[in-house]
Amino acid sequence: MLSELKFYNTLTRSKDRFTPIDPENVRVYACGPTVYDFAHIGNARPIIVFDLMFRLLRHVYGVEHVTYVRNITDVDDKINARAMERGVSIREVTEETARQFHDDIRELGVLMPEDVNLPGQKPSFIEPRATEHIAEMRVLIDKLVENGHAYVAEDHVLFSVPSMQDYGSLSRRPLDEMEAGARVDVAPYKRSPMDFVLWKPSKPGEPSWDSPAGITVCGRPGWHIECSAMSWKHLGETFDIHGGGIDLVFPHHENEIAQSRCCFGTSVMANVWMHNGFLQVEGEKMSKSLGNFITIREALADWPGEVLRFNMLRTHYRQPFDWTVRGLEESEKILNRWYALLKEFDVSSIKPSLSAKVIEALADDLNTPKAIAELHGLDSSGQKEELIANLRALGFLKDTLEQWAARRASVVSVDADAVEALIAERKQARADKNWAESDRLRDALAAMGVVVKDNKDGTTTWEVSR
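The numbering of the sequence shown is the working numbering, which starts it at 34 and goes up by one.
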């Protein structure tokens with residue numbers, strides 16, 4: 034077994050040696066999706082990062098000694114709004130969206146519970162749903178009310194932030210900044226503007242359950258209490274690692290810590306808090322208003338899932354990641370080279386495993402750029418079988434060579450030379466201020482399934498949209 038793993042801990046702001054609470058049961062929790070719409074490529078990043086973490090821990094500690102929990106949030110205001118908008122039941126929205134999510138992330142080479150859990154044995158990968166843990170939420174809420182960390186007001190239960198002396202230890206935000214953010218959701222029944230909802234009454238048509246704390250009207254949980262309940266149920270009062278995107282540090286993870294610690298009287302909820310950096314698209318923040326919002330499903334229409342996975346892992350997980358067509362093209366070129374190895378080797382006969390230098394790189398806070406450099410080193414030194422073994426262990430080479438070729442052919446359906454010629458004509462039309470011709474050429478490209486982007490520096494880039 035490797036002697037030392039080091040991970041950057043958001044809680045301590047340092048890269049610390051990882052020492053599990055129990056080496057016989059290393060416990061990890063990662064925040065999963067809220068199932069109301071297709072997941073976007075920003076959502077894919079933590080899924081891929083913590084899948085890699087799970088793989089590494091299983092390799093180091095043994096597959097039977099790691100428990101990984103990745104939740105699904107299936108009760109939320111966004112879900113209610115989407116169901117009303119579509120005129121369907123909330124259950125229909127959550128079931129359909131969860132199914133879409135699973136279909137998409139399977140293409141990214143992400144391990145699923147059915148891939149690792151063995152019949153008759155304790156599951157090592159658990160994917161709990163919030164609605165299946167309402168009883169645990171009520172228990173936690175009742176405990177918090179009993180010990181003075183929560184209170185009932187107008188059929189709501191709220192966590193009393195001033196009751197926790199070191200609230201804010203994860204995000205380390207200035208008090209005035211936290212208060213300013215909290216005032217967006219201010220309500221007359223709050224004792225402090227920073228207090229947050231643990232439980233609230235349900236409106237007509239919304240999901241509802243018997244309420245905790247003696248409240249007689251039915252209600253539903255707040256967002257933060259859901260993860261506290263699910264992690265407690267499956268990992269205990271304290272566990273080893275909690276992961277998620279950096280956008281969740283405040284308020285979600287901060288509030289999880291407050292609930293769990295105050296409920297159980299513990300000094301920590303998780304020993305290590307790991308957060309992946311933000312994602313941009315071609316150097317800009319991804320947003321629907323900028324027209325650069327990309328779902329995983331849309332990205333998979335243009336690129337094989339392994340290309341998306343490899344492309345993300347080329348950047349260290351804590352760094353901002355820039356999603357670019359050039360990066361995807363480079364990633365595809367590398368994978369094409371490595372898939373070509375299957376002409377010489379029977380991949381099924383090569384057991385997935387990680388080389389010492391690859392483990393050493395990943396053991397240093399999941400240093401994937403260094404790990405990929407080690408893979409290139411295996412390639413250049415002719416250690417092809419060892420390279421294949423590492424790639425398989427990291428979630429690659431899932432297809433046969435024929436399947437890989439067919440998969441790529443299915444998403445490349447345009448003549449690149451013809452596209453470039455039309456773009457050149459359009460550029461000249463724009464220079465001549467012939468806007469009608471420019472629009473005609475743009476529509477012709479769109480009919481080919483090509484999206485054109487005019488960049489600030491005067492260049493034009495394009496990508497296949499289907």
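The beta-carbon is built from N, C-alpha and C at its ideal position, and this holds for glycine as well.
Helix or strand or just coil, what does DSSP make of L38? Residue numbering aside, residue 38 sits at position 5 when the sequence shown is read from its first letter. The answer is coil: DSSP assigns L38 none of H, G, I, E or B.
Cβ neighbours of T328 in the same chain (closer than 6 angstroms, five flanking residues each side left out): Here residue 328 corresponds to residue number 295 of the sequence shown, with the count starting at 1. For T328, where only same-chain residues beyond five positions count, the Cβ hits under 6 angstroms are F71, H73.
The alpha helix (DSSP H) that contains Q133, what's its start and end? Mapped onto the sequence shown, residue 133 falls at position 100. Residues 123-140.
Report all residues from its chain with a CB closer than 7 angstroms to the CB of Y200; omit the five preceding and five following residues, and keep chain order. Here the question's residue 200 lines up with position 167 in the sequence shown. Counting only Cβ-Cβ distances below 7 angstroms, and skipping sequence neighbours, we find V194, A291.
Per the DSSP calculation, S244 is bridged to which residue(s)? In the sequence shown, residue 244 corresponds to position 211, counting from 1. For S244, DSSP records no beta bridge to any residue.
Nearest neighbour of Q133, chosen from V99, A77, K460 [CA to CA]: Locating residue 133 in the sequence shown gives position 100, where the first residue counts as 1. Here the closest residue by C-alpha is A77.
Who are the near neighbours of S244 in its chain, counting only those whose CB is closer than 7 angstroms to its CB and skipping five residues on each side? Here the question's residue 244 lines up with position 211 in the sequence shown. Shown here for S244: same chain residues with a beta carbon closer than 7 angstroms to its own, the five before and five after excluded, namely W232, V250, C251, G252 in chain order.
Quick one: residues in its chain with C-beta nearer than 7 angstroms to the C-beta of I258, no 5 flanking neighbours on either side, listed in chain order? The count along the sequence shown starts at 1 and reaches residue 258 at position 225. The answer, listed in chain order, is M170, L173, I174, L231, Q292.
Cβ-based neighbour list, C296, same chain, cut-off 7 angstroms, excluding 5 preceding and 5 following: Counting from 1 along the sequence shown, the entry for residue 296 is found at position 263. Closer than 7 angstroms at Cβ, skipping near neighbours: L173, K176, L177.
Would K366 pass as an interface residue toward chain B - the criterion being a Cβ-Cβ separation below 8 angstroms? Absence of chain B from the displayed structure is noted, only one protein chain being present.
DSSP puts W495 in a beta bridge; with which residues? The count along the sequence shown starts at 1 and reaches residue 495 at position 462. Looking at the DSSP assignment, W495 forms a beta bridge with V485.
With respect to the beta strand (DSSP E) encompassing T100, which residues constitute its N-terminal and C-terminal limits? For the purposes of this step, residue 100 is taken as residue 67 along the sequence shown, with counting starting at 1. Start and end: 99-103.
Can you have a look at L420 and say buried or exposed, based on whether 16 or more other CB atoms are within 10 angstroms of its CB? Residue mapping note: residue 420 aligns to position 387 of the sequence shown, counting from 1. With at least 16 other beta carbons inside 10 angstroms of its own, L420 counts as buried.
Roughly how many angstroms separate the alpha carbons of V314 and G324, rounded to a whole number? Here residue 314 corresponds to residue number 281 of the sequence shown, with the count starting at 1. Here residue 324 corresponds to residue number 291 of the sequence shown, with the count starting at 1. Answer to the nearest angstrom: the Cα atoms are 10 angstroms apart.
Quick check: the Cα distance between F40 and M345, rounded to an integer number of angstroms? As a working mapping, residue 40 is identified with position 7 in the sequence shown. As a working mapping, residue 345 is identified with position 312 in the sequence shown. Rounded to whole angstroms, the separation of the alpha carbons of M345 and F40 is 19 angstroms.
Helix, strand or coil at F297 [DSSP, three-state]: On the sequence shown, position 264 is the one that residue 297 refers to. Reduced to three states, the DSSP call for F297 is helix.
So, under 8 angstroms CB-CB, Y372 and L333 are touching, yes? Tell me the CB distance rounded to an integer number of Å. The count along the sequence shown starts at 1 and reaches residue 372 at position 339. The count along the sequence shown starts at 1 and reaches residue 333 at position 300. Not a contact, Cβ separation roughly 17 angstroms.
Start and end of the beta strand (DSSP E) containing V312? Taking the sequence shown and counting its residues from 1, the one referred to as residue 312 is at position 279. Note on identity: in this sequence residue 312 is Leu, with Val being the wrong assignment. Residues 312-314.
Taking the straight line between their C-alpha atoms, what separation do you get for K431 and Q416? By one-based count along the sequence shown, residue 431 stands at place 398. By one-based count along the sequence shown, residue 416 stands at place 383. Near 19 angstroms, if we compare the C-alpha coordinates of Q416 and K431.
In three-state DSSP terms, what is M307? For the purposes of this step, residue 307 is identified with residue 274 of the sequence shown, where counting begins at 1. Strand.
Can you grab the Cα-Cα spacing for the pair G181 / S196, in whole Å? Indexing the sequence shown from 1 puts residue 181 at position 148. Indexing the sequence shown from 1 puts residue 196 at position 163. One alpha carbon belongs to G181, the other to S196, and they sit about 8 angstroms apart.
Whether V61 touches Y101 by CB criterion (8 angstroms): Residue numbering aside, residue 61 sits at position 28 when the sequence shown is read from its first letter. Residue numbering aside, residue 101 sits at position 68 when the sequence shown is read from its first letter. In terms of Cβ geometry, V61 and Y101 form a close pair [threshold 8 angstroms].
Residue closest to H286, alpha-carbon to alpha-carbon, out of N150, L203, P237, W242: Here residue 286 corresponds to residue number 253 of the sequence shown, with the count starting at 1. Here the closest residue by C-alpha is L203.
Throw me the rounded Cβ distance for the M302 and P161 pair, which I believe falls under 8 angstroms. Position 269 of the sequence shown, counted from the first residue, corresponds to residue 302. Position 128 of the sequence shown, counted from the first residue, corresponds to residue 161. Contact check for M302 and P161: beta-carbon distance about 17 angstroms, past the 8 angstroms limit, so the pair fails to qualify.
Local Cβ density within 10 Å of T52, reported as buried at 16 or more and exposed below that: Indexing the sequence shown from 1 puts residue 52 at position 19. Counting C-beta atoms within 10 angstroms of its own C-beta, T52 has fewer than 16 neighbours from the protein chains shown and is therefore classed as exposed.
Could you check whether D107 and T127 sit closer than 8 angstroms to each other, using their CB atoms as the reference points? Mapped onto the sequence shown, residue 127 falls at position 94. Mapped onto the sequence shown, residue 107 falls at position 74. Cβ atoms of T127 and D107: closer than 8 angstroms.
Taking Cβ positions, are C64 and G277 nearer each other than 8 angstroms? Position 31 of the sequence shown, counting from 1, holds the residue named residue 64. Position 244 of the sequence shown, counting from 1, holds the residue named residue 277. In contact: C64 and G277 (Cβ atoms closer than 8 angstroms).
Rounded to the nearest angstrom, what separates V483 and W468 at their Cα positions? Counted from its first residue, the sequence shown places residue 483 at position 450. Counted from its first residue, the sequence shown places residue 468 at position 435. Their backbone Cα atoms lie some 19 angstroms apart in a straight line.
Specify the secondary structure class of H166 as computed by DSSP and reduced to three states. Walking along the sequence shown from the start, residue 166 turns up at place 133. Helix.
Of all the beta strand (DSSP E) runs that stay within the bounds of the stretch 334-414, which reach a length of 3 or more residues? Counting only runs of 3 or more, we get 354-356.
Can you tell me which of the three DSSP states G65 falls into? Locating residue 65 in the sequence shown gives position 32, where the first residue counts as 1. Here G65 sits in coil by DSSP.
Inter-residue spacing [alpha-carbon to alpha-carbon] between H349 and D397: In the sequence shown, the residue the question calls residue 349 occupies position 316. In the sequence shown, the residue the question calls residue 397 occupies position 364. One alpha carbon belongs to H349, the other to D397, and they sit about 11 angstroms apart.
Taking the CB atoms as reference points, tell me whether H267 and W306 lie closer together than 8 angstroms. On the sequence shown, position 234 is the one that residue 267 refers to. On the sequence shown, position 273 is the one that residue 306 refers to. Against a cut-off of 8 angstroms, the Cβ pair of W306 and H267 comes out as no contact.
Under 8 angstroms by Cβ, that's how I've got V68 and I112 pegged, so tell me the actual separation to the nearest angstrom. For the purposes of this step, residue 68 is taken as the residue at position 35 of the sequence shown. For the purposes of this step, residue 112 is taken as the residue at position 79 of the sequence shown. Between V68 and I112, the beta carbon gap of about 7 angstroms places them in contact (Cβ cut-off 8 angstroms).
Own chain partners of A186 with C-beta closer than 7 angstroms, once the 5 adjacent residues on each side are dropped: Translated into positions along the sequence shown, residue 186 becomes position 153. For A186, where only same-chain residues beyond five positions count, the Cβ hits under 7 angstroms are Y222.
In whole angstroms, what is the alpha-carbon distance linking L90 and N288? The count along the sequence shown starts at 1 and reaches residue 90 at position 57. The count along the sequence shown starts at 1 and reaches residue 288 at position 255. CA-to-CA, the gap between L90 and N288 works out to about 27 angstroms.
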